[in-house]
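According to our numbering, the sequence shown is numbered sequentially starting from 193. Think of the CB as a built atom: it goes at the ideal place given N, C-alpha and C, for glycine as much as any other residue. Here the structure is laid out as structure tokens; the discussion comes afterwards.
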Amino acid sequence: MIYKYINNQSDRTIILLHGTGGDENSLLKIGAFIDPNANLLGIRGNVSENGLNRYFKRFGMGVYDIPNYISETKNLRDTILLLSSEFEFDLNQATIIGFSNGANIALGLLTDFSDTLNNYILLSSDLINKDSNFVDLSNKNVFLTYSYNDPYVNEDSINMLYNRLINANANLTTLEISGHVIDNEVISGVMKFYNNIYKK
Numbered sequence: 193m194i195y196k197y198i199n200n201q202s203d204r205t206i207i208l209l210h211g212t213g214g215d216e217n218s219l220l221k222i223g224a225f226i227d228p229n230a231n232l233l234g235i236r237g238n239v240s241e242n243g244l245n246r247y248f249k250r251f252g253m254g255v256y257d258i259p260n261y262i263s264e265t266k267n268l269r270d271t272i273l274l275l276s277s278e279f280e281f282d283l284n285q286a287t288i289i290g291f292s293n294g295a296n297i298a299l300g301l302l303t304d305f306s307d308t309l310n311n312y313i314l315l316s317s318d319l320i321n322k323d324s325n326f327v328d329l330s331n332k333n334v335f336l337t338y339s340y341n342d343p344y345v346n347e348d349s350i351n352m353l354y355n356r357l358i359n360a361n362a363n364l365t366t367l368e369i370s371g372h373v374i375d376n377e378v379i380s381g382v383m384k385f386y387n388n389i390y391k392k
């Protein structure tokens, strides 16, 4: 996978996953704003949809290619493990931030490879693979933004995702927002959650 890594010689690393049409650079400024001292790793999705970068295929709006989603989730996990070894950053001190399509693939990590990371920030995520359940997430910190007027995520998916995270014992923080956005309210919520993890 194509990526950009900024090594700030920190013990903390923020992994950034873009929304549809973004790339490895899209969320770097947000990562640097949240923690100016952290290492930053932006990763581009492998899939192109009409020239727009994505992390997994879909057949139409809200209709996803589940086998591709599962295989690309594994590709992302393998990439993160490889780069953590190459650049020698500690995954136990890493936080993943995904927006929209990026949050959806990060959710795949939490579902299928939850041992990869401890800290997940999921911005406007959808529950892609409804047939897959979480293992025990007692030691996982999860921040989730959602909106009941999100044009891309329906209310049933939001409620199902929330309930599954609660039932899996995730250390869950939620923020209800308006729409499918990263705005100042979202950034403020993310920073509060992030700073609480590291007790800054």
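Secondary structure at Thr366, three-state DSSP: helix, strand or coil?
Working through the sequence shown from its first residue, we reach residue 366 at position 174. In this structure, Thr366 counts as strand in the three-state DSSP scheme.
Practice task
Would you mind working out which of Phe281, Asn346, Asp215 sits nearest Glu231, comparing C-alpha positions?
Solution key: Within the sequence shown, numbered from 1, the residue matching residue 231 stands at position 39. The amino acid occupying residue 231 in the given sequence is Asn; Glu does not appear at that position. Looking at the Cα atoms, Phe281 is the closest of the given residues.
Which one or two residues does DSSP pair with Asn217 in a beta bridge?
For this step, residue 217 is matched to residue 25 along the sequence shown. Answer is none; Asn217 lacks a bridge partner.
Q.
Using 8 Å as the threshold, is the C-beta distance between Ala360 and Val327 below it?
A. The residue labelled residue 360 in the question sits at position 168 within the sequence shown. The residue labelled residue 327 in the question sits at position 135 within the sequence shown. Going by C-beta atoms, Ala360 is nearer than 8 Å to Val327.
| query | How is the alpha helix (DSSP H) around Lys196 delimited, first residue to last? | reply | By one-based count along the sequence shown, residue 196 stands at place 4. Unbroken run through Lys196 is the beta strand (DSSP E), 195–198; no alpha helix (DSSP H).
So, is Lys332 buried or exposed, given that buried needs 16 or more other C-beta atoms within 10 angstroms?
-> For the purposes of this step, residue 332 is identified with residue 140 of the sequence shown, where counting begins at 1. Answer is buried; the Cβ neighbour count reaches 16.
Pick out whichever of Leu315, Tyr256, Leu309 has its Cα sitting closest to the Cα of Asp375.
In the sequence shown, the residue the question calls residue 375 occupies position 183. When each option's Cα is compared against that of Asp375, the closest is Leu315.
TODO: Mind reading off the beta-carbon distance from Leu309 to Ala286? Whole number of angstroms is fine, and I expect it under 8 Å.
DONE: Numbered from 1 along the sequence shown, position 117 holds the residue referred to as residue 309. Numbered from 1 along the sequence shown, position 94 holds the residue referred to as residue 286. Right, the Cβ-Cβ distance comes to about 6 Å (below 8 Å), so this counts as a contact.
_Please report the distance separating the alpha-carbon of Arg246 from that of Gly252._
For the purposes of this step, residue 246 is taken as residue 54 along the sequence shown, with counting starting at 1. For the purposes of this step, residue 252 is taken as residue 60 along the sequence shown, with counting starting at 1. Those two C-alpha atoms are separated by around 13 Å.
| If we count the other Cβ atoms within 10 Å of its Cβ and call it buried at 16 or more, is Leu329 buried or exposed? | Counted from its first residue, the sequence shown places residue 329 at position 137. Buried.
message = Quick check on the burial criterion: 16 or more other C-beta atoms within 10 angstroms. Buried or exposed for Glu264?
response = One-based indexing of the sequence shown puts residue 264 at position 72. Glu264 is buried by the Cβ-count criterion.
Requested in this report: Assign Asp348 to one of two classes, buried (16 or more other C-beta atoms within 10 Å of its C-beta) or exposed (fewer than that).
Outcome: The residue you call residue 348 lines up with position 156 of the sequence shown. The residue is exposed, with fewer than 16 neighbouring Cβ atoms inside 10 Å.
Q | First and last residue of the uninterrupted beta strand (DSSP E) at Tyr312 | A | Looking up residue 312 in the sequence shown gives position 120. Element bounds for Tyr312: 311–315.
Apart from the five residues just before and just after Tyr390, which ones in its own chain have a Cβ nearer than 7 Å to its Cβ?
On the sequence shown, position 198 is the one that residue 390 refers to. Its chain contains Arg204 as the residues whose beta carbon lies nearer than 7 Å to that of Tyr390, once the 5 sequence neighbours on both sides are disregarded; these appear in chain order.
Please report the Cβ distance between Leu219 and Ile289, rounded to the nearest whole angstrom; I am assuming they are in contact, meaning their Cβ atoms lie under 8 Å. Reading the sequence shown from its first residue, position 27 is the one you call residue 219. Reading the sequence shown from its first residue, position 97 is the one you call residue 289. The Cβ separation is near 7 Å, so the contact holds.
Closest by C-alpha distance to Phe279, when choosing among Asn388, Asn346, Leu268, Ile198:
Walking along the sequence shown from the start, residue 279 turns up at place 87. Measuring from the Cα of Phe279, the nearest candidate turns out to be Ile198.
Quick check: what's the CA-CA separation for Val334 versus Leu233? Taking the first residue of the sequence shown as 1, we reach residue 334 at position 142. Taking the first residue of the sequence shown as 1, we reach residue 233 at position 41. In this structure, the CA atom of Val334 is about 19 Å from the CA atom of Leu233.
Q.
Could you tell me the alpha carbon to alpha carbon distance between Met193 and Ile235, rounded to whole angstroms?
A. Numbered from its first residue, the sequence shown carries residue 193 at position 1. Numbered from its first residue, the sequence shown carries residue 235 at position 43. Approximately 7 Å, taken between the alpha carbons.
Note to self: Let's see if you can read the secondary structure: which residues bound the beta strand (DSSP E) around Arg250?
What the structure shows: To locate residue 250, count along the sequence shown from 1; it is residue 58. Taken as a continuous stretch (DSSP letters only), the beta strand (DSSP E) holding Arg250 covers 250–252.
(Q) Quick check on this structure: which residue in Ala295, Asn346, Asn311 has the alpha carbon closest to the alpha carbon of Tyr386? (A) Counting from one through the sequence shown, the residue named residue 386 turns up at place 194. Selected option, being the one with the closest Cα: Asn311.
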